[in-house]
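My numbering puts the first residue of the sequence shown at 25, with every later residue one more than the last.
First comes the structure, then the notes that go with it.
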Amino acid sequence: MPRRKKRATEMTTDELMKDLFPKKVRDKAKEVAEKSRKTEKKSPHK
């Protein structure tokens, strides 16, 4: 008997992205997310 497909509420973020979007879109989203984390400003706490 084949495994049943996971529901969206049971999936991790990565599993859900893989299930919903094609690879090109996932790669672009990952690139944009990483780019937004990098800031040009220096930390004021140093």
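The beta carbon of each residue, even a glycine, is placed where N, CA and C say it ideally should be.
| query | Secondary structure at threonine 36, three-state DSSP: helix, strand or coil? | reply | coil
| Whose C-beta lies closer than 8 angstroms to the C-beta of methionine 41 among residues of the same chain, with five residues either side of it excluded? | Arg50 and Ala53
| Taking DSSP as the reference, what is the three-state secondary structure of methionine 41? | helix
| said: Tell me which residue opens and which closes the alpha helix (DSSP H) that lysine 54 is part of. | reply: 47-61
| Just the Cα atoms here: how many angstroms apart are threonine 37 and arginine 27? | 20 angstroms
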